[in-house]
Amino acid sequence: MIKKSIFIAVILLVIFETIIRFSNIQWDTSQNDKSANLISAQNFIYNFPAEDIANDTVIIGSSISRKLVTDSLGKRFVNLAFNAWSSYDGLELVKLTQKKPACLLIEMNVVGNQKLQEDVTASLSPVSYYPNKAFKSFQLQNQPVGLVVGYLKNMLKARMEEMKLKKRENQELYNLNVSMEKEKLINVLPDSILNARFNVLKKLIEDFKKQNIKIVFFEVPFDEQLMNTATVIKTREYFHQYFSNKEYKYIDLPAVNDFIYSDGIHLSGKSAIVYTQYLKTELNNIKNSN
Amino acid sequence: MLFTSFAFFILLVLTFVIYYLPFNFFKKANTQLLVLILSSVIFYGYYAPELLFLLAFSGAVNVLTSYYVSFGAPKHRMLLATAGIVINLVVLAFFKYSPLIAGTFFNTDNGIGFFLLTIPLPIGISFFTFEGISLVIDTYKGHTDDKFKNLVDKSFKTHIRNSFFFIVFFPHLVSGPILKAHDFIPQISNKFFKDIDWEYCFKMLVVGYFLKLVVADNLKDFTSSLVYPGFMTLSTLTLASMLLGYSFQIFADFAGYSLIALGLAGLFGYRLMQNFNFPYISTTFSEFWRRWHISLSTFLKEYLYFPLGGNKKGKVRTYINLTITMVLGGLWHGAAWSYAVWGAFHGLALAIERLFNDKFKIAIKPNSFFYYFKILFVFLSVSLAWLLFKLPNFDQVIMYMKALFTNTGLVTNYISVFLILLYSFPVVLYHIFYLKRQAKPAFFNKLEYAVYGVMLFLIFTNSGTPGTFIYFQF
Chain R
5 MIKKSIFIAV
15 ILLVIFETII
25 RFSNIQWDTS
35 QNDKSANLIS
45 AQNFIYNFPA
55 EDIANDTVII
65 GSSISRKLVT
75 DSLGKRFVNL
85 AFNAWSSYDG
95 LELVKLTQKK
105 PACLLIEMNV
115 VGNQKLQEDV
125 TASLSPVSYY
135 PNKAFKSFQL
145 QNQPVGLVVG
155 YLKNMLKARM
165 EEMKLKKREN
175 QELYNLNVSM
185 EKEKLINVLP
195 DSILNARFNV
205 LKKLIEDFKK
215 QNIKIVFFEV
225 PFDEQLMNTA
235 TVIKTREYFH
245 QYFSNKEYKY
255 IDLPAVNDFI
265 YSDGIHLSGK
275 SAIVYTQYLK
285 TELNNIKNSN
Chain P
4 MLFTSFAFFI
14 LLVLTFVIYY
24 LPFNFFKKAN
34 TQLLVLILSS
44 VIFYGYYAPE
54 LLFLLAFSGA
64 VNVLTSYYVS
74 FGAPKHRMLL
84 ATAGIVINLV
94 VLAFFKYSPL
104 IAGTFFNTDN
114 GIGFFLLTIP
124 LPIGISFFTF
134 EGISLVIDTY
144 KGHTDDKFKN
154 LVDKSFKTHI
164 RNSFFFIVFF
174 PHLVSGPILK
184 AHDFIPQISN
194 KFFKDIDWEY
204 CFKMLVVGYF
214 LKLVVADNLK
224 DFTSSLVYPG
234 FMTLSTLTLA
244 SMLLGYSFQI
254 FADFAGYSLI
264 ALGLAGLFGY
274 RLMQNFNFPY
284 ISTTFSEFWR
294 RWHISLSTFL
304 KEYLYFPLGG
314 NKKGKVRTYI
324 NLTITMVLGG
334 LWHGAAWSYA
344 VWGAFHGLAL
354 AIERLFNDKF
364 KIAIKPNSFF
374 YYFKILFVFL
384 SVSLAWLLFK
394 LPNFDQVIMY
404 MKALFTNTGL
414 VTNYISVFLI
424 LLYSFPVVLY
434 HIFYLKRQAK
444 PAFFNKLEYA
454 VYGVMLFLIF
464 TNSGTPGTFI
474 YFQF
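Protein sequence lines, in the order shown, are assigned to chains R and P. The opening position of the first sequence corresponds to residue 5 in our numbering, with each subsequent residue numbered one higher. The opening position of the second sequence corresponds to residue 4 in our numbering, with each subsequent residue numbered one higher.
So this is what it looks like as structure tokens:
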């Protein structure tokens, strides 16, 4: 019985690996926010050759930047912004994989805990690294259930957009989201914690700068009610204090009322495209000014 | 150490190889138990070695008490056993219930309240403390009941080894099953490689890891939104599916852990008690508790419900005893009043059910509509009560219930609902297979290897993001 079971498992594994290798599935196979994060991280770790990254711009940030429509920027952009995590995780991942991009586009909205997520660390450990690199079927983006989800998402794309719009139109829900976010953003972290976090960020970013990686900071707009909260203002101040305008490039924040937000904090579909294009233009301006 | 970690895998392989090496069986040099004790100590102290002092202290108290209860002066036996139990409970209360006591009776901003709040909860303390209590009580009972005789060896050295092994054996150390001394200690003997029941171990390990890695670890990333205030913005359908998902997750997580524990113990020649027996097919609450976390429910029955008088002191006392047992059982899980409420809910359900059965004797045919209706009723009631596990603040439970009925107009993320149901489905199948297998055993036996093959395949290709075990917090 044991031998037969193992035989069945091996056969299934071989068939599945073959299908994955010979098909070019481009669906979004993430099943939830966390798996979306890990798929991005694993993709960066296992599937991006270091030499290909050398000319790319890597976007680093939180769920706020994850909403950016990276495809509209062209092939030379990689989005390493993570849901519920912060810029630190993306920066640390770039550092640990030793894949040097041409430019790091760093979001300033959220400065979270500076401890690399265990799931990312696990993906980097040799125990996961080598099997995952060798067998595509072990990677999170190729999970059988993920493929089913990817197929469904692809099929129901229009319906899902419609639902998102409907969700956005619910003003009561929007206000509830904004008030919940506001409650979080009103209380500023103590300076001791912020200084500790920014010292870590400074060290990381300075190291990248020394390696001739271009650093550009940007801030994604929020709903006006959240834009003026103490945490948002203080975080911005800290960035300018730790990374002076003379040494680092900043992309100016556009007028926040020109955008529509899905929940007060994340840009909604069309606004995400508009803001992404704004970023692209500003980046080009920075490049041209050099 | 987690059963799902690579470090554990290495420890397991090394322990297994050394355990069955021939030199272990030389006369007077039986080192098998020492090998397992050593690897259990590494297993427990891997992340927090300082906790080993507590484990050693707890073990020493129980080893000494049980020895002197057995061989000390007969007139002091009762006193010694009581003292042993009290020390165990005080240690448990100090580490586990300090935050609850602090929050209820003291100002937690400073002073004693703050101190109590900062006391860490040592992993597995509820489990090894109960096992220690079992050792003391069983030894005490040994003087009057043959079932409990000869648990304590005359040689103090052998007794230390046996008892400490009973408490620390790594498969059950941090999350059970809670062993009883009279079930486990008689199993201690030389074990041989040729005697391993490979098929039993394989089945336990494959189902256990499948439930944990594929079902529970995937579901956890959906039920993680079941926190305040996140759930306030979710639709009724999402909230309902998350609640059901959590019910399946907690089963898959804990039953998965228990099955892995059974499989691992089997590799070393020991049989641990079955901890879950398809609980979601229960038609009554009492049946549910005969099938869910069996090692805890039997422990509470033997060491609490019976000593309280059980059902021997009249109907009213029986209902009261049931409720007391379940409230304390609830508090065993965690230091928050919501756990006591959870226990009270189950205690009252058991008492009302008993009262109902005492008044009306209704026979229900298996496979009838009412039979399935009862399964659904018990499952939904139990699932609703799990909310008290997930949201330890009672106000939030009320808000969740309110949102469940009022958020009907909000947009549902159907993909998430679909995935919650999809990942819950193996647990439903697991229970259906059990029911149907009894009717057509030959058919299911033929299919068995294919089912295990598919589970193995999914363990490798569809495991969720790594997560700790829910019951570690207890």
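Beta carbons are placed, not taken as given, at the ideal position from N, Cα and C, and that holds for glycine. Treat the numbers as computed from the prediction; the structure is a model and nothing was measured.
Limits of the alpha helix (DSSP H) - the one that residue i falls within
i             : result
residue 319/P : 318-336
residue 165/P : 159-171
residue 226/R : Where residue 226/R is concerned, there is no enclosing alpha helix (DSSP H), given that its DSSP letter is neither H nor E.
residue 94/P  : 80-99
residue 208/R : 195-214
residue 42/R  : 37-46
residue 239/R : 234-246
residue 349/P : 340-362
residue 220/P : 220-226
residue 252/P : 239-270
residue 164/R : 161-173
residue 201/P : 201-212
residue 485/P : Because residue 485/P is not part of the residues shown, which for chain P are 4 to 477, the question remains open.
Neighbour flag for residue i against chain P, beta carbons, 8 Å
i             : result
residue 9/R   : yes
residue 123/R : yes
residue 39/R  : yes
residue 269/R : no
residue 18/R  : no
residue 230/R : no
residue 42/R  : yes
Closer than 8 Å to chain R by CB, residue i
i             : result
residue 341/P : no
residue 452/P : yes
residue 236/P : yes
residue 286/P : no
residue 456/P : yes
residue 345/P : no
residue 229/P : no
residue 5/P   : no
residue 214/P : no
Proximal chain P residues relative to residue i, where beta-carbon distance stays under 7 Å
i             : result
residue 147/R : 464 and 465
residue 13/R  : 456, 459 and 460
residue 131/R : 9
Beta-carbon neighbours of residue i, restricted to chain R and to distances below 8 Å
i             : result
residue 2/P   : Because residue 2/P is not part of the residues shown, which for chain P are 4 to 477, the question remains open.
residue 201/P : 6
residue 422/P : 35, 36, 149 and 153
Contacts that residue i makes with chain P (C-beta to C-beta distance below 8 Å)
i             : result
residue 174/R : 412, 413 and 414
Beta strand (DSSP E) segment containing residue i, residue limits
i             : result
residue 85/R  : 81-85
residue 63/R  : 61-65
residue 401/P : Not the beta strand (DSSP E): residue 401/P falls in the alpha helix (DSSP H), residues 397-409.
residue 109/R : 107-111
Within chain R, partners of residue i - CB distance below 9 Å
i             : result
residue 232/P : 180, 184 and 187
residue 419/P : 35 and 36
residue 469/P : 122, 123 and 126
Per-residue contacts from residue i into chain R (C-beta, under 7 Å)
i             : result
residue 225/P : 36
residue 425/P : 149
In chain order, what residues of the segment 177-203 of chain R put their CB closer than 9 Å to some CB of chain P? 177, 180, 181, 184 and 187
Does the contact criterion of 3 or more C-beta pairs under 8 Å hold for the segment 211-219 of chain R versus the segment 171-178 of chain R? no
Given 8 Å, three or more beta-carbon pairs between the segment 184-203 of chain R and the segment 230-238 of chain R: yes
Give the residues from the segment 140-171 of chain R that approach chain P closer than 7 Å (Cβ to any Cβ), ordered along the chain. 141, 142, 147, 148, 149, 153, 156, 157, 167, 170 and 171
According to a CB-to-CB cut-off of less than 9 Å, which residues of the segment 67-93 of chain R neighbour chain P? none
Inter-stretch contact at 8 Å, needing at least 3 Cβ pairs: the segment 442-457 of chain P / the segment 267-286 of chain P: no
Pull out every residue of the segment 183-212 of chain P whose Cβ sits closer than 9 Å to any Cβ of chain R, in chain order. 201, 202, 205, 206 and 209
Touching by the beta-carbon criterion (3+ pairs, under 8 Å), the segment 324-331 of chain P and the segment 288-308 of chain P: yes
Stretch pair the segment 387-405 of chain P + the segment 142-150 of chain R: three plus CB contacts closer than 8 Å: no
Stretch-stretch touch, CB-based, cutoff 8 Å, three pairs: the segment 336-343 of chain P with the segment 364-375 of chain P: no
Is the segment 452-471 of chain P touching the segment 277-297 of chain P in the sense that three or more CB pairs, one from each, lie closer than 8 Å? no
Count the CB pairs spanning the segment 139-158 of chain P and the segment 260-267 of chain P that are closer than 8 Å, and state whether there are at least three. no
If we count Cβ pairs, one from each stretch, closer than 8 Å, do we get three or more for the segment 404-414 of chain P versus the segment 236-254 of chain P? yes
Segment contact, 8 Å Cβ cut-off, at least three pairs: the segment 67-74 of chain R with the segment 47-55 of chain R: no
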